[in-house]
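Participant: The structure is given below, and queries will be raised subsequently.
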């Protein structure tokens, strides 16, 4: 359900799966990761979906062509067969707030451990990871830049940064497939109500796309990040786009 598909990574990876980060989280990182100091003005955080793993979204990086370091985090709940989750699914589209908050805290612990205090994160999340990308924005908006929510949604519970977001309206990208039957309609309705009131929303719905990511969506994400985060690079020759699972 959470597999976006990919065809290789943008650069050779620094693999950190052999040791836990922040107690539970593990990761893989781009070869240009600032390993000695953790210092970089922006870092992309890739957050996979339910049942997937830290290697899944690395395939987004070639078509996005972002000229910045990135890390792809593994969710803390092991599901078996190599998959993991940020939180268990109880009521589809309406997760309990407590486990989502716990997962959010783990991501922030990873950030605090691995990045300097002035480094901002650009979270790019798919499905359940898309919700986690929105959680980072809603809990510590000063540390987050131009979050990208792909096939995801927002939590119903009020979050610490909501008032700040309503006042400042930072840019958020929310893309989803018109044929997505995985994310509950109630979650889409809730997100459609929340994001326009708390962000400068860039919303895209892709005809014919189910619960996945296609080349058109990646092109829109690339443009969004170039405009709102000032990151990007020339198109990568021969880079394949992820496909729907």
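Numbering (the numbering used here), first residue to last: 16 to 260.
For glycine and all other residues, C-beta sits at the position ideal for the given N, C-alpha and C.
Can you look up residue 228 in the DSSP assignment and give me helix, strand or coil?
Facilitator: Position 213 of the chain shown, counted from the first residue, corresponds to residue 228. In the structure shown, residue 228 adopts coil according to DSSP, grouped into three states.
Participant: When we look at the beta-carbon of residue 28 and count the other beta-carbons within 10 Å, is it buried (16 or more) or exposed?
Facilitator: Here residue 28 refers to the residue found at position 13 of the chain shown. For residue 28, the pLDDT reaches just 47, beneath the cut-off of 50, and the residue's location in the model is therefore unreliable, leaving the point undetermined.
Participant: Please work out which residues of its chain come closer than 7 angstroms, Cβ to Cβ, to residue 205, disregarding the five sequence neighbours upstream and downstream, and give them in chain order.
Facilitator: For this step, residue 205 is matched to residue 190 along the chain shown. Only 168, 169 and 171 meet the Cβ criterion.
Participant: Would DSSP call residue 111 helix, strand or coil?
Facilitator: The residue labelled residue 111 in the question sits at position 96 within the chain shown. Reduced to three states, the DSSP call for residue 111 is coil.
Participant: My output table needs one value for residue 198: the three-state DSSP class, helix, strand or coil.
Facilitator: Translated into the one-based positions of the chain shown, residue 198 becomes position 183. Residue 198: coil per DSSP, three-state reduction.
Participant: Could you round the C-beta distance between residue 148 and residue 210 to whole angstroms and report it? I think they count as a contact, below 8 angstroms.
Facilitator: Numbered from its first residue, the chain shown carries residue 148 at position 133. Numbered from its first residue, the chain shown carries residue 210 at position 195. In fact, because the Cβ distance is near 12 angstroms, the residues do not count as touching under 8 angstroms.
Participant: Please go through the same chain and pick out, in chain order, the residues whose beta-carbon is closer than 7 angstroms to the beta-carbon of residue 194, but skip the five residues on each side of it.
Facilitator: Locating residue 194 in the chain shown gives position 179, counting from the first residue. The beta carbon of residue 194 lies closer than 7 angstroms to those of 223, 224 and 225 in the same chain, with the five residues before and after it left out.
Participant: Opposite residue 137 in the DSSP bridges: which residues?
Facilitator: Along the chain shown, read from residue 1 onward, the residue named residue 137 stands at position 122. Beta-bridge pairing links residue 137 to 59.
Participant: When the Cα atoms are used, what is the spatial distance from residue 114 to residue 138?
Facilitator: For the purposes of this step, residue 114 is taken as the residue at position 99 of the chain shown. For the purposes of this step, residue 138 is taken as the residue at position 123 of the chain shown. So the two alpha carbons sit approximately 19 angstroms from each other.
Participant: What are the boundary residues of the alpha helix (DSSP H) that residue 87 is part of?
Facilitator: Counting from 1 along the chain shown, the entry for residue 87 is found at position 72. Unbroken run through residue 87 is the beta strand (DSSP E), 85-89; no alpha helix (DSSP H).
Participant: Compare the C-alpha of residue 128 against each of 221, 72 and 42 and name the closest.
Facilitator: Position 113 of the chain shown, counted from the start, is the residue given in the question as residue 128. Nearest C-alpha to residue 128: 42.
Participant: If you check the beta carbons only, do residue 93 and residue 99 fall under 8 angstroms apart?
Facilitator: Here the question's residue 93 lines up with position 78 in the chain shown. Here the question's residue 99 lines up with position 84 in the chain shown. Cβ atoms of residue 93 and residue 99: closer than 8 angstroms.
Participant: Can the beta-carbon of residue 161 be found less than 8 angstroms from the beta-carbon of residue 239?
Facilitator: For the purposes of this step, residue 161 is taken as residue 146 along the chain shown, with counting starting at 1. For the purposes of this step, residue 239 is taken as residue 224 along the chain shown, with counting starting at 1. A contact, by the Cβ cut-off of 8 angstroms.
Participant: Figure out for me which residue from 58, 66 and 234 has the closest Cα to the Cα of residue 144.
Facilitator: On the chain shown, position 129 is the one that residue 144 refers to. The candidate whose alpha carbon is nearest that of residue 144 is 66.
Participant: Do the CB positions of residue 84 and residue 47 come within less than 8 angstroms of each other?
Facilitator: To locate residue 84, count along the chain shown from 1; it is residue 69. To locate residue 47, count along the chain shown from 1; it is residue 32. Against a cut-off of 8 angstroms, the Cβ pair of residue 47 and residue 84 comes out as a contact.
Participant: Between residue 232 and the rest of its own chain, which residues show a CB-CB distance below 8 angstroms, the 5 nearest in sequence each way excluded?
Facilitator: Within the chain shown, residue 232 is the residue found at index 217, counting from 1. So the qualifying residues of the chain are 165, 190, 219, 221 and 224.
Participant: Is the distance from the Cβ of residue 214 to the Cβ of residue 237 below 8 angstroms?
Facilitator: Working through the chain shown from its first residue, we reach residue 214 at position 199. Working through the chain shown from its first residue, we reach residue 237 at position 222. No, Cβ-Cβ distance for residue 214 and residue 237 is not below 8 angstroms.
Participant: Rounded C-beta distance between residue 81 and residue 69? I'm assuming under 8 angstroms.
Facilitator: As a first step, residue 81 must be located in the chain shown, where it is residue number 66. As a first step, residue 69 must be located in the chain shown, where it is residue number 54. Residue 81 to residue 69, Cβ: 17 angstroms. No contact.
Participant: Hey, residue 159 and residue 152 are a contact pair by Cβ (cut 8 angstroms); roughly how many whole angstroms apart?
Facilitator: Looking up residue 159 in the chain shown gives position 144. Looking up residue 152 in the chain shown gives position 137. That pair is a contact at about 5 angstroms.
Participant: To the nearest angstrom, how far is the alpha carbon of residue 95 from that of residue 234?
Facilitator: Numbered from its first residue, the chain shown carries residue 95 at position 80. Numbered from its first residue, the chain shown carries residue 234 at position 219. Approximately 33 angstroms, taken between the alpha carbons.
Participant: By the DSSP assignment, the alpha helix (DSSP H) with residue 176 in it spans what residues?
Facilitator: The count along the chain shown starts at 1 and reaches residue 176 at position 161. Premise fails: residue 176 is in no alpha helix (DSSP H) and is neither H nor E.
Participant: With a 10 Å radius around its C-beta and 16 neighbouring C-beta atoms as the bar for buried, classify residue 212 as buried or exposed.
Facilitator: Residue numbering aside, residue 212 sits at position 197 when the chain shown is read from its first letter. Per the 10 Å Cβ criterion, exposed.
Participant: Apart from the five residues on each side of it in sequence, which residues of its chain come closer than 6 angstroms, Cβ to Cβ, to residue 202?
Facilitator: As a working note, residue 202 is residue 187 in the chain shown. These residues qualify, in order along the chain: 108 and 168.
Participant: Return helix, strand or coil for residue 81, following the three-state DSSP convention.
Facilitator: The residue given as residue 81 occupies position 66 in the chain shown. Coil.
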